[in-house]
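Working notes, structure below.
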Ligand code: SF4
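Chains as they are written, first to last, in my numbering: chain A, 1 to 199; chain B, 200 to 674.
Dropping the structure here:
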């Protein structure tokens with residue numbers, strides 16, 4: 001997993017609440033044998049609508065999704081996180097995340113930043129008034145910034161310490177285990193020679 | 200205080216333990232198949248990681264593969280893609296693969312033991328819940344999810360909290376004609392499907408010791424059906440004899456060293472289990488399921504239960520729902536339940552001994568009119584062995600379909616499926632709604648019961664056939 005310290009990218013306002021994982025990616029898109037390529041199923045039901053935010057050129061390179069409360073409810077499919085990442089999102093901002101979605105995000109390296117609902121509304125207003133505007137998410141200082149001058153939005157966001165640490169260090173579960181690689185290697189040195197091998 | 204078998208094997212594999220954290224456990228053997236591995240390999244690719252120990256990893260194709268025309272390209276595009284993806288991944292990451300058409304191809308839990316890769320005292324994992332099968336050798340073996348498959352591929356370890364231990368002691372001997380399958384179905388009916396939750400179970404006692412390795416695998420295979428994390432049986436001479444001379448078994452001095460160690464893998468006399476269950480094998484009979492989970496079973500001589508037989512409101516409701524799905528009337532004798540399809544196969548009962556048993560019952564008989572019998576060997580090797588022994592001829596002469604190796608109708612991921620409302624007697628392990636095909640109705644049975652049922656067309660035991668034979672001679 002890549003280290004996540006700070007990210008600046010185009011913000012995408014998603015003015016919806018209760019976006020469940022079936023809406024993020026419908027079941028028919030889950031047959032793929034890869035962990036990549038799920039972007040084609042992202043928000044599939046809405047992508048046919050020309051007015052849908054991701055269909056507007058200004059947001060095409062969006063990487064910070066600013067969504068309403070209760071994002072990621074429903075089925076536990078990790079594919080929902082993969083779909084957002086495959087599309088190019090690095091951060092999802094919401095006043096409230098479903099637990100499993102938040103957990104899956106942390107595992108996969110997608111930053112789920114929880115901010116006050118008022119801040120989300122201000123961010124959405126700003127991003128709609130200035131399509132293609134950027135949002136900066138700083139994990140070290142746990143702050144989110146957008147806009148300039150008098151209208152600048154600066155707010156703190158919530159993320160649990162353990163997930164923050166793992167993201168800052170770029171450690172997934174495998175990464176953490178590989179941090180003990182020397183112990184694994186020395187354990188391997190103690191395995192009896194008669195243990196079977198496949199090649 | 201002494202240790203249980205499970206504790207000994209566990210402790211031998213702890214790479215790292217820290218207060219408040221799960222143990223980091225070393226994995227001796229990682230088995231792979233086409234369905235649960237693609238995302239794991241893709242995850243490795245995305246992170247630029249390699250397979251740490253390809254030499255402790257083995258892949259085979261089983262869940263999706265056709266059991267007819269297996270020399271032709273797989274017709275179903277989704278299945279074909281999964282199988283082709285496995286081939287690509289195995290080549291790219293240097294993993295040994297036994298593909299369709301290879302003599303060692305077959306159900307992953309049949310292939311490991313048959314190659315001699317499954318040995319006592321190992322830790323074995325696979326992205327498949329019936330990995331518990333390998334516990335029959337005194338290994339800790341359990342199923343894992345796709346994220347964990349990736350974790351094992353990358354690190355050859357897993358983070359795992361140490362489970363509690365349970366002893367299931369089966370005293371006495373199984374009566375003639377009663378098999379390991381009947382034993383485990385009886386046990387699950389006794390404990391319910393959640394009775395083993397959170398435990399590594401050790402099966403012990405006279406009846407277990409008297410089982411062949413294949414019977415022991417059948418018992419451990421179904422550990423997951425009563426919720427256990429894993430099932431194990433202490434290795435003994437039966438185990439050593441089975442492993443010796445298998446292709447991947449230790450040789451020469453290694454063999455002696457291995458056996459010397461394996462002999463230490465028994466529960467110490469003063470060890471304490473967190474829980475114990477005691478059963479008496481001598482009272483067991485052929486056992487069949489009537490419902491939609493493996494715990495809903497009765498002796499073959501019994502009747503379909505009534506919801507009113509249960510005190511708990513929840514049980515009454517579950518029973519009623521199950522009977523509706525299964526299309527069964529309460530009070531019907533199980534022997535009168537008419538069956539459309541009989542399936543002999545799966546990682547529960549698809550080994551050579553199972554096929555021998557089936558052939559023994561079928562010899563000189565015909566499959567009943569209106570019933571079909573599918574015999575699906577657990578591996579290509581089992582298939583060859585059966586043909587070398589002439590078992591295939593007995594099956595075909597009886598009117599059975601003799602198929603290629605794979606999971607087949609155990610889960611109906613390939614074309615071998617039940618039609619809606621079609622009823623099967625199946626030697627597999629799950630009778631969940633739709634497991635063998637949408638709307639299909641499954642009765643879990645032993646191999647002898649499956650074979651006798653095929654001949655009579657209703658749930659039967661071989662003893663019922665002798666009666667048929669005697670009756671027809673008289674007339
Ligand atoms: S035979 Fe059935 S239970 Fe066994 S691995 Fe295949 S699908 Fe799973």
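All C-beta atoms, glycine included, are put in the ideal place defined by N, C-alpha and C.
Keep in mind that this is a model prediction, so the values were computed, not measured.
Please confirm if the region 585-600 of chain B is in contact with the region 316-331 of chain B, defined as three or more CB-CB distances below 8 angstroms between the two stretches.
-> no
Can you tell me the Cα-Cα spacing of residue 517 (chain B) and residue 416 (chain B), whole angstroms?
-> Start at 1 with the first residue of the second chain, and residue 517 (chain B) comes out as number 318. Start at 1 with the first residue of the second chain, and residue 416 (chain B) comes out as number 217. Roughly 30 angstroms between the two C-alpha positions.
Residue burial classification, residue 625 (chain B) (beta-carbon count within 10 angstroms, cutoff 16) | Position 426 of the second chain holds residue 625 (chain B). It is buried - the Cβ of residue 625 (chain B) has at least 16 other Cβ atoms within 10 Å.
Would you mind reading off the limits of the beta strand (DSSP E) that contains residue 94 (chain A)?
-> Counted from its first residue, the first chain places residue 94 (chain A) at position 94. Start and end: 91-94.
Just tell me which of B:633, B:644, B:614 and B:618 has its CA closest to the CA of residue 278 (chain B).
-> To locate residue 278 (chain B), count along the second chain from 1; it is residue 79. Comparing Cα-Cα distances from residue 278 (chain B) to each of B:633, B:644, B:614 and B:618, the minimum goes to B:614.
Start and end residues, alpha helix (DSSP H) containing residue 498 (chain B) | The sequence position of residue 498 (chain B) within the second chain is 299, counting from 1. Counting along the chain, residue 498 (chain B) falls outside any alpha helix (DSSP H), though it belongs to the beta strand (DSSP E) covering 496-498.
Coil, strand or helix - residue 193 (chain A) by DSSP = The residue you call residue 193 (chain A) lines up with position 193 of the first chain. Reduced to three states, the DSSP call for residue 193 (chain A) is coil.
Contact residues within the region 325-355 of chain B, judged by C-beta distance below 8 angstroms to chain A | 346, 349, 350, 353, 354 and 355
Please list the partners that residue 31 (chain A) has in chain C, where partner means a Cβ-to-Cβ separation under 7 angstroms.
-> Structure shown: chain C not included; protein chains present are A and B.
Between the Cα of residue 246 (chain B) and the Cα atoms of A:126, A:55 and A:170, which residue gives the shortest distance?
-> Position 47 of the second chain, counted from the start, is the residue given in the question as residue 246 (chain B). Measuring from the Cα of residue 246 (chain B), the nearest candidate turns out to be A:170.
For residue 619 (chain B), I'd like the list of residues in its chain whose CB is within less than 8 angstroms of its CB, leaving aside the five on either flank, ordered along the chain.
-> As a position in the second chain, residue 619 (chain B) is number 420, starting the count at 1. Here the set comprises 636, 637, 638 and 639.
Taking residue 184 (chain A) as the query, report the chain B residues whose CB atoms sit under 9 angstroms from its CB, ordered along the chain.
-> Working through the first chain from its first residue, we reach residue 184 (chain A) at position 184. Here the neighbours are 214, 215, 223, 225, 251, 354, 355 and 356.
Beta carbon of residue 308 (chain B): closer than 7 angstroms to some heavy atom of the ligand SF4?
-> Here residue 308 (chain B) refers to the residue found at position 109 of the second chain. Yes.
Should residue 50 (chain A) be labelled buried (16 or more other beta-carbon atoms within 10 Å of its own) or exposed?
-> Numbered from 1 along the first chain, position 50 holds the residue referred to as residue 50 (chain A). Burial call: exposed.
Per-residue DSSP class, three states only, for residue 77 (chain A) = Here residue 77 (chain A) is taken as the residue at index 77 of the first chain, counted from 1. Looking at residue 77 (chain A) - three-state DSSP - the assignment turns out to be coil, as it is neither helix nor strand.
Please report the residue range of the beta strand (DSSP E) in which residue 325 (chain B) lies.
-> Locating residue 325 (chain B) in the second chain gives position 126, counting from the first residue. Unbroken beta strand (DSSP E) run through residue 325 (chain B): 322-325.
Grouping DSSP H, G and I as helix and E and B as strand, with all else coil, what is residue 626 (chain B)?
-> Counting from one through the second chain, the residue named residue 626 (chain B) turns up at place 427. If DSSP states are grouped into helix, strand and coil, residue 626 (chain B) belongs with coil.
In chain B, which residues lie with their C-beta within 8 angstroms of the C-beta of residue 116 (chain A)?
-> Locating residue 116 (chain A) in the first chain gives position 116, where the first residue counts as 1. Within chain B, no residue comes near residue 116 (chain A); the closest Cβ sits about 32 angstroms away, beyond 8 angstroms.
With 16 as the cutoff for other CB atoms within 10 Å, does residue 428 (chain B) come out buried or exposed?
-> In the second chain, residue 428 (chain B) corresponds to position 229, counting from 1. Residue 428 (chain B) should be labelled buried.
What residue range is occupied by the uninterrupted beta strand (DSSP E) comprising residue 228 (chain B)?
-> Position 29 of the second chain, counted from the first residue, corresponds to residue 228 (chain B). Start and end: 228-231.
So what's residue 181 (chain A) in DSSP terms, helix, strand or just coil?
-> Locating residue 181 (chain A) in the first chain gives position 181, where the first residue counts as 1. Three-state result, residue 181 (chain A): helix.
If you compare alpha carbons, which of B:265, B:290, B:311 and B:242 is closest to residue 228 (chain B)?
-> Locating residue 228 (chain B) in the second chain gives position 29, where the first residue counts as 1. Comparing Cα positions, the closest option is B:311.
Using only the heavy atoms of the ligand SF4, determine whether one of them is closer than 7 angstroms to the beta carbon of residue 419 (chain B).
-> Residue mapping note: residue 419 (chain B) aligns to position 220 of the second chain, counting from 1. Residue 419 (chain B) Cβ: outside cutoff for every heavy atom of the ligand SF4.
Meets three-Cβ-pair contact criterion under 8 angstroms: the region 482-498 of chain B and the region 388-400 of chain B = yes
Within 8 angstroms (strictly less), CB to CB, does residue 453 (chain B) reach chain A?
-> Translated into the one-based positions of the second chain, residue 453 (chain B) becomes position 254. Interface residue, yes.
Cutoff 8 angstroms: residue 63 (chain A) Cβ touching any chain B Cβ = The residue labelled residue 63 (chain A) in the question sits at position 63 within the first chain. Chain B, which has no Cβ nearer than 8 angstroms to the Cβ of residue 63 (chain A), makes this no.
Could you work out which residues of chain B lie near residue 35 (chain A), taking near to mean beta carbons separated by less than 7 angstroms?
-> In the first chain, counting from the first residue as 1, residue 35 (chain A) sits at position 35. Simply 238, 241, 242 and 245.
Which chain A residues are close to residue 318 (chain B), counting only those with a beta carbon under 7 angstroms from its beta carbon?
-> For this step, residue 318 (chain B) is matched to residue 119 along the second chain. Ordered by position in chain A, the residues that pass the 7 angstroms Cβ test against residue 318 (chain B) are 196.
Cβ of residue 627 (chain B) within 7 angstroms of any heavy atom in the ligand SF4?
-> The count along the second chain starts at 1 and reaches residue 627 (chain B) at position 428. Checking every heavy atom of the ligand SF4 against the Cβ of residue 627 (chain B), one is found closer than 7 angstroms.
Tell me the start and end of each unbroken alpha helix (DSSP H) in the region 561-633 of chain B that is at least 4 residues and wholly inside, in chain order.
-> 579-587 and 590-597
Check residue 516 (chain B) in the structure and name its three-state DSSP category.
-> Position 317 of the second chain, counted from the start, is the residue given in the question as residue 516 (chain B). Helix.
Mind pulling the chain B residues with CB within less than 9 angstroms of residue 127 (chain A)?
-> Numbered from its first residue, the first chain carries residue 127 (chain A) at position 127. Near residue 127 (chain A) there are no residues of chain B at all, since even the closest Cβ is about 29 angstroms away, more than 9 angstroms.
Name the DSSP beta bridge partners of residue 178 (chain B), please?
-> Residue numbering for chain B in the displayed model covers 200 to 674; residue 178 (chain B) lies beyond these limits and cannot be assessed.
Considering only residues of the same chain and omitting the five flanking positions on each side of residue 294 (chain B), which have a CB-CB separation below 8 angstroms?
-> Residue numbering aside, residue 294 (chain B) sits at position 95 when the second chain is read from its first letter. 231, 250, 253, 256, 257, 258 and 288.
In this structure, does DSSP put residue 418 (chain B) in helix, strand or coil?
-> Translated into the one-based positions of the second chain, residue 418 (chain B) becomes position 219. Three-state DSSP puts residue 418 (chain B) in a helix.
Classification of residue 160 (chain A) by the beta-carbon crowding that lies within 10 angstroms, buried from 16 upward | Position 160 of the first chain, counted from the start, is the residue given in the question as residue 160 (chain A). So residue 160 (chain A) counts as exposed.
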